[in-house]
Amino acid sequence: MSFTFIIYNVILLFGVLFAYISERITSRSNHIAIVASFLVVFLFVGLRHYVGNDYEAYVVLFNAIRNGIGTRLEYGYFLINSMFTESVNGYKYVMLISSFITFFFLFKTFVKEQILPLGIFFVFAFELIFLINDQVRQGIAIAIFLYAIQFIENREFYKYSIIMIATGVLIHYSALIMLPAYFMYRKYLPTWVWCVAIILGYIVYSRGMFQNIFGNLISLIPFYGDRFGNETKHIVAIEKLGTGLAVLFWVIIGLYIALNQRKINRPVLVNLYLFGTVFFIVTLDFHVITRVAFYLVYIKVLVLPLYIKNENNWTLKLGVLAVALLFFELEVLLELGTHGGFPYKTIFE
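Numbering-wise, the sequence shown is residues 348 to 696 according to our numbering.
1. What would DSSP say about residue 693, mapped onto helix, strand or coil?
2. So which of 413, 425, 414 and 443 has the shortest CA-CA distance to residue 694?
3. Ends of the alpha helix (DSSP H) at residue 388?
4. To which residues of the same chain is residue 423 closer than 6 angstroms at the C-beta, ignoring the five residues directly before and after it?
5. So which of 670, 691, 660 and 554 has the shortest CA-CA distance to residue 631?
6. I need the DSSP call for residue 429, collapsed to helix, strand or coil.
7. Evaluate contact between the segment 483–499 and the segment 654–663, counting only Cβ atoms and requiring at least three cross-stretch pairs below 8 angstroms.
8. Would you kindly report the start and end of the unbroken alpha helix (DSSP H) that includes residue 497?
9. How about the segment 380–392 and the segment 353–364: do they share at least three Cβ pairs that are nearer than 8 angstroms?
10. Are the CB atoms of residue 545 and residue 602 within a distance shorter than 8 angstroms?
11. Residues in its own chain within less than 7 angstroms of residue 548 by CB, not counting five upstream and five downstream?
12. Return the CA-CA distance between residue 484 and residue 445, expressed in angstroms with no decimal places.
13. Give the straight-line distance between the Cα atoms of residue 366 and residue 377, rounded to the nearest whole angstrom.
14. On a Cα-Cα basis, can you pick out the residue from 685, 404, 680 and 617 that is closest to residue 535?
15. Can you find the residues in the same chain that come closer than 8 angstroms, C-beta to C-beta, to residue 425, ignoring five residues on each side of it along the sequence?
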């Protein structure tokens with residue numbers, strides 16, 4: 348049994364355990380357990396070393412800033428890097444701060460929703476932890492977006508738009524694309540509509556329809572045609588590792604949420620997630636486009652905890668948790684996934 352498998356499970360256990368204890372303490376001292384849970388998870392990510400596909404690219408980026416080479420980097424993240432350019436190992440502090448910001452917003456959201464233990468569990472079980480390790484800036488942006496969804500639901504356009512514009516300018520430009528999410532339909536759509544959309548989306552993905560149509564169009568554009576061609580080859584290579592089964596798993600999860608959407612009692616949240624699921628599945632062959640869908644599809648770390656919180660049938664609750672845990676254990680044990688989260692190493696090694 349590898350160190351990676353053990354450490355992921357130990358961190359998951361103690362992160363959830365401290366969060367659970369915090370919910371059982373009625374006094375103000377519950378903050379101690381929340382902080383303990385936060386430290387366990389945030390330090391696990393912040394102290395990693397060369398874990399995640401893009402980790403090396405962020406080191407190169409830091410060294411470029413350190414050497415005064417111009418970069419097209421968002422202002423906020425550039426500033427964070429600039430703070431540590433006096434040290435050759437300054438990128439390690441950048442990773443630590445990035446992890447702190449990410450989990451600050453995730454924990455803030457989970458505590459507000461009163462789903463902290465379940466939220467942490469699904470961050471691990473449903474792969475968000477691996478994305479955070481890999482796509483550092485977008486991991487921060489996704490965490491902030493999940494926090495900002497409350498302003499969509501409360502019809503506070505100015506607060507939502509200010510937060511997302513600031514996130515786009517300071518952390519990751521892709522956050523700006525989430526501005527139209529404010530106008531998501533605010534009532535439940537019929538279950539059959541979502542089920543048909545998800546199934547059709549999977550058919551489009553499995554037949555490569557979007558890839559063929561969009562690929563033919565983009566190939567006509569100089570430079571971008573070659574770039575997307577290389578992206579497609581990269582995705583095809585990843586598919587051989589078993590990602591196709593993971594896609595089918597997300598289809599099943601999407602269908603399950605569609606069938607139980609009224610138990611969640613948050614139509615805007617559900618609609619954003621299910622729309623994101625369809626968009627994610629259809630565009631999966633193009634990584635650059637799929638990264639836009641990540642904002643919406645990772646709403647699953649809110650939707651599933653809220654479903655379990657409101658579900659009265661304990662058999663269904665435990666069934667969902669067992670399936671999610673099995674998915675996580677297989678992914679870590681077999682070192683699957685597309686974010687390069689394995690093996691886990693720390694800066695102390």
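C-beta: ideal position from N, C-alpha, C; glycine also.
Here the structure is a predicted model, which means the values were calculated and not measured.
Reading from the atomic positions:
1. Numbered from 1 along the sequence shown, position 346 holds the residue referred to as residue 693. Three-state DSSP puts residue 693 in a strand.
2. For the purposes of this step, residue 694 is taken as residue 347 along the sequence shown, with counting starting at 1. Of the listed residues, the one whose Cα sits closest to residue 694 is 443.
3. Numbered from its first residue, the sequence shown carries residue 388 at position 41. Run containing residue 388: 377–393, per the alpha helix (DSSP H) assignment.
4. As a working mapping, residue 423 is identified with position 76 in the sequence shown. Scanning its chain for C-beta atoms nearer than 6 angstroms, with the 5 sequence neighbours on each side dropped, one finds around residue 423 the residues 517 and 518, in chain order.
5. Here residue 631 refers to the residue found at position 284 when the sequence shown is read from its first residue. Ranked by how close their Cα comes to the Cα of residue 631, the residues 670, 691, 660 and 554 have 554 in first place.
6. Position 82 of the sequence shown, counted from the start, is the residue given in the question as residue 429. Look at residue 429 here: in three-state DSSP terms it is helix.
7. With a cut-off of 8 angstroms, the segment 654–663 and the segment 483–499 do not count as touching, because too few Cβ pairs lie within range.
8. Residue mapping note: residue 497 aligns to position 150 of the sequence shown, counting from 1. Segment 483–500, the alpha helix (DSSP H) holding residue 497.
9. Yes, they touch.
10. Numbered from its first residue, the sequence shown carries residue 602 at position 255. Numbered from its first residue, the sequence shown carries residue 545 at position 198. Cβ distance < 8 angstroms, so residue 602 and residue 545 count as in contact.
11. On the sequence shown, residue 548 is found 201 positions in, with the first residue counted as 1. Result list for residue 548: 625, 628 and 629, in chain order.
12. Working through the sequence shown from its first residue, we reach residue 484 at position 137. Working through the sequence shown from its first residue, we reach residue 445 at position 98. Taking the straight line joining both Cα atoms gives about 8 angstroms.
13. As a first step, residue 366 must be located in the sequence shown, where it is residue number 19. As a first step, residue 377 must be located in the sequence shown, where it is residue number 30. The straight-line gap from Cα to Cα measures roughly 9 angstroms.
14. Locating residue 535 in the sequence shown gives position 188, counting from the first residue. Among 685, 404, 680 and 617, the Cα nearest to that of residue 535 is on 617.
15. To locate residue 425, count along the sequence shown from 1; it is residue 78. Excluding positions up to five away in sequence, the list reads 412 and 418.
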